[in-house]
Amino acid sequence: MAAALTPKTRGSNADDADDTGTLISSADVSLHQQLDQQSWYSIQLFALYRLLLGSLLAAGFFWGIAFVDPSSTKQTLFALSCSGFTLLAVIWVLTTRFKYPHYIAQVYAQLTADTILLVLMMHAGGGMNNGIAMLLVVNVVAAGLLLPGMASLVFAAVNTLAVLFEQLYSHLTIGTSTASYTQAGGLSAAFFATAILTMLLSRRVYESEQLASQRSLDIRNLAQLNEHIIQQMQSGVIVVDPTLRIRLINRSARLQLNLHNDVVLQTLASISNELNVRYQLWLNRPAQQPARIRNPGSPFELQPHFMPLGAEGAAGTLIILEDTTPYSRELQHVKLASLGRLTASIAHEIRNPLSAIQHAAQLLEETNTEDARLSRIIQQQTERINSIIENIMQLSRRDAITPEWITLHSCLDDFKNDFCHQQQLPATTFTLSIDPPELQIGFDPSQLHQILTNLAINSMKYGRNNAGDLFITITAGYDNLGHYFLEFTDQGSGISPEESDRIFEPFYSCGEKSAGLGLYIVRELCEFNHAHIDCRNSNMGACFRIEFADPAQLGLIDATN
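In case it helps, our numbering puts the sequence shown at residues 5 to 565.
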């Protein structure tokens, strides 16, 4: 019945939208489309009812059921009207199927034709006594359900006039009993009573339907507003169900996790394995704050927060990703400022006596050849101390970066030529592989050159093959997720698991002649440029992999240039 009442909403059209005081949105349009489909579905059901009724009447008449007195001369009228009723029912089924002509026109045409044909069958069957007249009550109910306003009262009046006219005509032509007027009056009263009850019921259901439609629209608009607010939040927001399938993720979370829009998001592990591990640890220890994460290729350092939804997480989990990069940068600036003041004091206090020691060692070597070996040891150690001071001061002077678009092919080619010339190495030492050749990254050029220099010097010390030759392969391009990367691979003995955990720590060195700051500086420079470096063993030797951030995505420079 609720579906049958939908034409009332459809019939009022834009006026109903104005009455609700709500602007029509995409959700509102979708709702009206749904109501329109329900209204056509209702009239299609009524057409099928009419076809079934006509078929039963026709079958009953032709099989000898006493709808009409066999001696009556009106059998032909009954047969024609019953056949016409059935034929029109077939036509109404087709017109409602193709939704032509207009809905309101079809309802009025169908109900009017039903009234005329049913009254003819009633007249042919002997008037009020054959029960066909009661089928007119169904028409009144249908008018109240399928048409807006007071249509049911109109059809109650039309049916009343039709029944009274038939009764008057029968009385004048064949002299029916005056008692039939009483039956006609009672049937007319039933028409109006049914119309009033149907109208009252329709109005109540219509008001409930309008209220439900308004509430549905309000909920849809509120959901759209909430989604808009969530999408505009600076913090990353992810909602997962109990099976860890992604139900919602906002733009900030995509940016922080370095996820492209075309990436298919299915489970939490598919977008970030680290985040999935933190979630599993949180399930076991909810009171313990999860450790920070950094997705490959992303410049953001994220602090995840997990909050269960529903009773004990029955509805899923809300994950908030807080970007701690600004705080880390501020801490980095404070650390660098303190380190700068400290190294300035160290340089002032140490360099003068260090120069005197080095000068004295040189004089000692010239005057006393027996102690030349000891003098060389003194000079080597003083140079090492001076190198440590220079490296630390270099870190402290990094106040800002100036990122630029860098074409990796030309940059790496220039570095290879410069380094081979300075270190007197053959050009075959380096093998470059950049795909695509025009690949560009956003980075500070001078700091990228220093990173490559430190990695090359590290390979000179620890990355030679068994024959003592140095071969370095530099590969750059995109990975499967579209991240920019550069791999620096040598042919040395590789890195042990113990060394891989500490290789980027300051002052950690595998040799006695190294200050242990080269790779530490490399990592600091990478992080300062929003990149990430890690080390692993390859098929040839040690492989240092740098994953760069997308410069257009990070807003470091104008990507349209």
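Cβ atoms here follow ideal geometry from the backbone N, Cα and C, with glycine treated the same way. It should be emphasised that the depicted structure is a prediction, and the values quoted were computed from it without experimental measurement.
The region 435-471 is shown to contain whole alpha helix (DSSP H) runs of 4 or more residues at 449-466, in chain order.
Three or more pairs of CB atoms, one per stretch, sit closer than 8 Å, so the region 53-61 contacts the region 83-98.
Uninterrupted alpha helix (DSSP H) stretches at least 4 residues long and entirely within the region 266-317 occur at 272-275 and 277-288, given in chain order.
Going by DSSP, Asp494 is part of no alpha helix (DSSP H) at all; its letter is neither H nor E. Contact check between the region 126-134 and the region 98-108: fewer than three CB pairs, one atom from each, fall below 8 Å, which does not count as touching.
Rounded to the nearest whole angstrom, the C-alpha separation of Asp327 and Ile253 is 16 Å. When C-alpha distances from Asp439 are compared across Val167, Ile233 and Ser414, the shortest belongs to Ser414. The Cβ atoms of Cys547 and Arg540 sit closer than 7 Å to each other.
Secondary structure of Arg251 (DSSP, three-state): strand. Here Asp494 is buried: its Cβ has 16 or more other Cβ atoms, across all protein chains shown, within 10 Å.
For Ala199 against Leu157, the beta-carbon gap comes to about 5 Å, under 8 Å, which counts as contact.
Put simply, the backbone Cα of Glu408 is about 15 Å away from that of Tyr488. Residue range Tyr107 to Ala128 is occupied by the alpha helix (DSSP H) that includes Ile108. Pairing Ala113 with Ala188, the inter-Cα distance amounts to about 24 Å.
Gly545 sits away from Gly472, with the two beta carbons spaced by 7 Å or more.
Rounded to whole angstroms, the separation of the alpha carbons of Asp417 and Ile297 is 34 Å. Bridge pairing for Thr479: Ser437 and Glu491 [DSSP]. No Cβ-Cβ contact shorter than 7 Å links Phe195 with Val162. Judged by DSSP in its simplified three-state form, Asn225 adopts helix. Counting only the Cα atoms, Gln284 lies some 13 Å from Ser276. The bridge partners DSSP lists for Ile410 are Ile445. Contact annotation, Leu490 with Ile550: C-beta distance approximately 5 Å; criterion of less than 8 Å satisfied. In this structure, DSSP gives Arg540 an extended state, which the three-state scheme calls strand.
For Phe508, the secondary structure class from DSSP, reduced to helix, strand or coil, is coil.
A buried status is given to Met203, since no fewer than 16 other beta-carbon atoms sit within 10 Å of its beta-carbon.
In terms of Cβ geometry, Ile445 and Phe532 do not form a close pair [threshold 7 Å].
Fewer than three Cβ pairs drawn from the region 233-244 and the region 206-222 lie within less than 8 Å of each other, which leaves the two stretches out of contact. Following the DSSP letters along the chain, one finds Ala546 inside the beta strand (DSSP E) bounded by residues Ala546 to Phe552. Gln451 and Gly496 have their C-alpha atoms roughly 25 Å apart.
When Pro501, Ser437, Phe492 and Ile525 are compared, the shortest CA-CA separation from Phe508 is found for Ile525. Out of Gln235, Ile461 and Glu211, the CA that lies nearest to the CA of Gln428 is found in Ile461.
Around the beta-carbon of Ala137, 16 or more other beta-carbon atoms lie within 10 Å, marking it buried. Residue pairing by DSSP puts Thr321 in a beta bridge opposite Val244 and Pro312. Remark: C-beta atoms of Ser85 and Met125 approach each other more closely than 7 Å. Leu151 and Phe159 have their alpha carbons spaced roughly 11 Å apart.
Distance from the CA atom of Ser192 to the CA atom of Gly148, rounded to whole angstroms, is 16 Å.
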